[in-house]
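Input: a single structure, listed below in structure tokens.
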């Protein structure tokens, strides 16, 4: 499958910045193109947006169900992939609709608003052998990928502590009451599920596991809402415990006035400590027990394949959020291509798409569900004021393969 | 002209990173699309590259002359714009060919290898009333635009010193002898003209003028070649003098081993000093005589329209080189659209494209020629070991308007 | 009292870096001079060290009890102040001995190894109206003082979160087994009491209260020991809750391999967030909800008196740990002088030294005891795995005044 | 000579910040003590200052000549060393007076206001075999010393470029007219000699040579005065050429509004580039051609003896300007002690103090004179607008040894 991949989008109408980001990222390398969409629950707005994007009017739909059906009915040029960028409460039903039509899915985080929904998607994706990727974009940064490899390779020695602190300030005041669209739905429990935990906490949670290779055993959380009248959490601190005494710390807050979008990762072992900050994503610092620091950049030293795969520019030409997002899509496309190739190749043993996704460390349905499990567990710990079991097992599925 | 703009590309075949950057940047916002190209002087390679990009084979050409002719001959869907990303020695003849067909041009820097070529392009662009933009990409960064506005607004007070230091290390050793493609042509005087001065010095020179609003009166340069056997300059230090005693310093070097692509701007006045570094392009620091520093980000305070126009993501989601490049293209497209609109509007007074470009501070033929003049002047000063006149006057042209 | 103050030292013999730091800091501004000491529990070592320092042999003592008695017996030139820099388990008895002789005390942190000891010192210091200062040195940094003033002044708005994270790596491995002197006693529960909590946690705890002006209501801690065989804690994460829903986070760890001595403070409110890092102590960053950042330096803007008092060099000439330590001593000396002046002034109303210390925000016995209370509370919470009451009330004392 | 060294001071009266810095630095490690002084040209002020410092009134002098004579006449406790911190025009005569009494000298920079004066001091110091150290304090920073060793050891490969840029803003406006004491004499040619070149340019010049080990062959300067009515230079840019094509750049300016005291060093070779900035003096960055960066701190890796000698605190406890100054004095004291030891040791071959100073890389009379030569050469180049010979040869002297 060397042809350009076709994708559709559900959500992402005018004013939704993340829709444009997904489209740009997917099309970044010229290997995929947006050809269809149901951009808004308002049919007229959906049509207008599709026109503005230059799409064939026949493939701009009034709702996602029609889109799934009609696209599935196309013989030669149906979409390979759908991107879901609606408010969270719709993710489950939309992903279900497309997976049932055997269309691959990229879904914005958090995957769903309940764990049972997330687990049902895990099973469905496995049954249909379709990719269900979740846009944990921070794994698209080359230096985050380098960090994962360095930890696995022993650069920090025996692990001691893992921490991700994700700090924002845009919800420090009750902006949802001013009608700011992104704030309105993100603070409505019916649409968003959780607040800070769902919006940014799951990024932090996935990042901790991605870089360390560890999943927590227990957690203790203090989840709170600072802004009067707000109906979802806007701040959480979570302590985690892993096997072998490793400790973890996750902070997600949206009420740190003046902070833009600050994500800081720190992984310590007995031989060194890695630090990465989203503010300067091109630099990965390794504090070494032997003294001083080593700063990794895209220029090296020793970039690992997963990092190299996520670079486009010569070092020193700053790459950023769009590039990381695009790298996540590049891997998504590669996984789909490889899966298709295997499917079309008579002699190849058939490999499940989830297996291929794992080769690319691509966040998939299980990672999405693990994030939803984290949200639920943290809320329960905070409510019950005690340590709770944080282990989660991906559901077994009778996959077609 | 709300339709999607069509552009072609000359050069930028496989392996040429800057071609992909131009294409991605031009298509970033979905307002332009690559439809034609002569990607290589090798016809087979050009065809292969066009196919890989999914272009109509009929619009992939063996050479730029054919491309200019055939595209000009198309009635409904000719390209609006051509992007020139060949080695420098071809810029003049290619730009000439397309301008003569009334096709707008974006040309990589330096504009040409001789000043007379550059001046002839200035005249031609004016005569045909076509845009000839030069890709001085650093002007696409929001914080560089903010810096320009702050200086104009008196934030640093009366100007004292301006400095841009552009430092790279990739040519610290004789990599051209290893066959590295980018190094081979950039160190061949027949293809590149000058070395460091042409490759990065013109960026620095334009940036100094862009941010300060000043053009130098005199300059003194020490231009040298560090690497044995290299036939172009790889290092230059230039002192500049402006009206009212303002002093300038420009350094461009490609032999600072280990340095990736370091561009640092500093503008000092009696009330403050602005600093910007390409390594962290989202931060603009104003040292204030009243104490401490103010750090400007895309989040504010008081972003100026030119900066706002160059932002896509919420602050704290790092934008980088691709975004800056895309913002330069966004302005290019806006200029062309506005020019076309004026042309199509019976009641509008006809405004020259150069006038519109100036409203967008878009680097154009005059800026390109000023860069070439700078190269020649610096080389002469270094050769003659004396201060030389640095003033340059854009040639008068009998524009059609 | 404009004469130069005389001070003695208990502990701080050869090899103990902190003894030299205290002496240098106390003598920094030429307003105090070391004249006596009992530098080691080994009398010969004590004498040798006193000789090396050029002290009068008659005032170099074999043990602290003799020193207290003999110094108290001197009529004209007894020491005004004793500095205690022994292992923690001796602080209580030594401080008691000198306070009972009406000699002011500066004691290294933590004040004692049990809360009851600390509270008894609080009472004794009040009864004798003598200063008992505790060397929470981070309050000596001008930018920390500026931070306290900015928070009090509303620069961050309504408080939301407070965090101090104190990270070291020097105990990441079992260096105590190599005989490293500082590690040996710090990991011996009989000598040190607690581990990381006592060595650095109390610094963090005091700093949180100092900058925010708040004391916690409840806390939840996860205190652990990573290194096999170590008998004290080497790592703790503590969640705190304050009135009005303010949340706090304190991390202290000594097992983050390769990290030198990293202290990071963050205070967030609905209007802004302050950040200070010990690595670059001359910079205080205020992220502003109105956009961008303001960086405070010793150069301004608007330095508060407490910060100005702690500066010696023109801005841009880096001050560091020695300067902060010296500023803590400068305040200590000023408090003692002011107290003495009041004592000698017939018309002045007699003011208790504790009241004067409070005017200087100088960490005193109550701050020391609060730190010890924090250690005990954190250990209890971690053991019981539940939120515990974190409030502590300084004991009432029948002061002489 | 294990006794504590005695020193006197000329200049440094109340209000002169640098006097206090010298005293604190000299006394930092308890190995030297101020015992005499002529602190002001106003006898009453000198006496008052001496009293405030607690000095014996008999050793507080009305003028430096009396001080030199009377101190020289003391048999047992004469000063070993005099520190000269007057305005520049007096350095020569004061240093001469003390050297002629065989008293070692530390002189503030620039050494003198004319080259002939400086050369005469070189000869005199050699004849009397006395140390004449010049307070180029930046060589006291451990990371600057590490940089020198790394360059010598080939860490940056074959040298290409050396640059030191020293930027201040405190003279951006005509503060001398407001009566600010430091500004008044520093902008009076009769007292200061040169302006920015003498005040900070010589620091930069010495630093370039210290770190690179190279002395320039030729230089070209643009020296100017930005502030109307000012009678000395306040801004200079200097291009330098060394053997083997190495290029240098020195900038010193005091008119960059808002900049505090910014010194940036960069040394590039074909294998790497070292960067050090005074703002963060504990970090030395080596950009490596092999990719990424290595950051050296006091914690390592591989600290060289000269750096280790200049450390007092564990890494991560910031050292700064006072510490660097004190390390310069520690070396000064070590040189004097070693010289005295040799003098008192019958079996030792007598070694000239200049030879010992060189073992410590301690800036001495020759380094001071080289700085004055640099000032004169830069002014001449700027005046004549041409490259000038920058070589300087220390005068031969009939040393006693």
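Residue numbers (this note's numbering), protein chains in the order written: chain A, 1443 to 1843; chain B, 1443 to 1843; chain C, 1443 to 1843; chain D, 1443 to 1843. Think of the CB as a built atom: it goes at the ideal place given N, C-alpha and C, for glycine as much as any other residue.
Looking only at 1818/A, 1795/A, 1837/A, the smallest Cα-Cα distance to residue 1546/A is reached by 1795/A.
In the structure shown, residue 1564/C adopts helical secondary structure according to DSSP, grouped into three states. Shown here, residue 1449/D sits in a strand according to DSSP, grouped into three states. Comparing alpha carbon positions, the residue from 1611/A, 1571/A, 1460/A closest to residue 1768/A is 1460/A. Residues of chain C with a Cβ closer than 7 angstroms to the Cβ of residue 1452/B do not exist, since the nearest Cβ in that chain sits about 42 angstroms away. Between the segment 1702–1714 of chain B and the segment 1547–1563 of chain B there are fewer than three C-beta pairs closer than 8 angstroms, too few to call the two in contact. Within the same chain, and ignoring the five residues on either side of residue 1666/C in sequence, the residues whose Cβ sits closer than 8 angstroms to its Cβ are 1675, 1676, 1677, 1678, 1824. In this model, residue 1719/D and residue 1727/D are separated by some 9 angstroms (Cα to Cα). The C-beta of residue 1739/B comes closer than 8 angstroms to at least one C-beta of chain C. Contact between the segment 1446–1460 of chain B and the segment 1522–1534 of chain B is established, with three or more Cβ pairs separated by less than 8 angstroms. Counting C-beta pairs closer than 8 angstroms gives three or more between the segment 1632–1645 of chain D and the segment 1684–1694 of chain D, which meets the contact rule. Secondary structure note for residue 1834/A: it is in no beta strand (DSSP E), with a DSSP letter that is neither H nor E.
Going by DSSP, residue 1602/A is part of the beta strand (DSSP E) stretching over 1601–1609. Using beta-carbon distances, residue 1693/A counts as an interface residue toward chain C, with a partner under 8 angstroms. Under the 10 Å beta carbon count, residue 1623/A is surrounded by fewer than 16 other beta carbons and is classified as exposed.
Going by DSSP, residue 1680/B is part of the beta strand (DSSP E) stretching over 1677–1683. Runs of the alpha helix (DSSP H) lying entirely within the segment 1719–1778 of chain A and spanning at least 4 residues, in chain order: 1747–1750. Using a Cβ-Cβ cut-off of 8 angstroms, residue 1702/D counts as an interface residue toward chain C, since at least one Cβ of chain C sits closer than that to its own. In summary, the residues of the segment 1764–1775 of chain C whose CB is separated from some CB of chain D by less than 7 angstroms are 1764, 1765, in the order they occur in the chain. Looking at the DSSP output, residue 1479/B shares a beta bridge with 1451/B, 1502/B. Contacts between residue 1708/C and chain B, judged by CB atoms closer than 8 angstroms, are missing: the closest CB pair is about 15 angstroms apart. For residue 1679/C, the chain A residues whose C-beta falls within less than 8 angstroms of its own C-beta are 1681, 1689, 1691, listed in chain order. Chain B has a Cβ within less than 8 angstroms of the Cβ of residue 1827/D. Annotation: Cβ neighbours of residue 1711/D in chain B (cutoff 7 angstroms, chain order): 1699. Cβ contact annotation for residue 1607/D (same chain, cutoff 6 angstroms, sequence separation greater than five): 1693, 1706, in chain order.
Residue 1508/D and residue 1831/D have their C-alpha atoms spaced approximately 42 angstroms apart. The Cβ-Cβ distance between residue 1598/D and residue 1709/D falls below 8 angstroms. With a threshold of 8 angstroms between beta carbons, residue 1736/C makes contact with chain B. The Cβ of residue 1732/C sits closer than 8 angstroms to at least one Cβ of chain B. For residue 1642/B, there are no C-beta contacts with chain A under 8 angstroms, since the nearest C-beta of that chain is about 11 angstroms from it.
Contact between residue 1448/D and residue 1475/D holds: their C-beta atoms lie close to 6 angstroms from each other, under 8 angstroms. The DSSP-derived three-state label of residue 1647/D is helix.
Residues are counted here when their Cβ sits less than 9 angstroms from a Cβ of chain B; for the segment 1567–1599 of chain D these are 1598, 1599, given in chain order. Under a criterion of Cβ atoms nearer than 8 angstroms, no residue of chain A is adjacent to residue 1714/D; the nearest Cβ is some 12 angstroms distant.
In the DSSP assignment, residue 1706/C forms a beta bridge with 1607/C, 1719/C.
For residue 1662/A, the enclosing beta strand (DSSP E) starts and ends at 1660–1666.
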